[in-house]
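Peer 1:
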Amino acid sequence: MGDMEICQKIDNMLKQAEMIANELAA
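Sequential numbering of the sequence shown, starting at 1, is according to full-length UniProt numbering.
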């Protein structure tokens, strides 16, 4: 896997975590 792929996966995980946090905070 290239660095770009890993960065994208981490970015997606962070976005998902943010959405979950927003749902819990709502």
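C-beta atoms are modelled at their ideal positions from N, C-alpha and C, and glycine is treated no differently.
Note that the structure is a prediction, hence the values are computed from the model and not measured.
Say yes only if the C-beta of D3 is nearer than 7 angstroms to one or more non-hydrogen atoms of the ligand ATP, and no if none qualify.
Peer 2: Inclusion of the ligand ATP in the displayed structure is not the case, the ligand content being empty and no account of it being possible.
Peer 1: Apart from the five residues on each side of it in sequence, which residues of its chain come closer than 7 angstroms, Cβ to Cβ, to K15?
Peer 2: In the sequence shown, residue 15 corresponds to position 15, counting from 1. For K15, where only same-chain residues beyond five positions count, there are no Cβ hits under 7 angstroms.
Peer 1: Go ahead and pull the three-state DSSP assignment for A26.
Peer 2: Within the sequence shown, residue 26 is the residue found at index 26, counting from 1. Reduced to three states, the DSSP call for A26 is coil.
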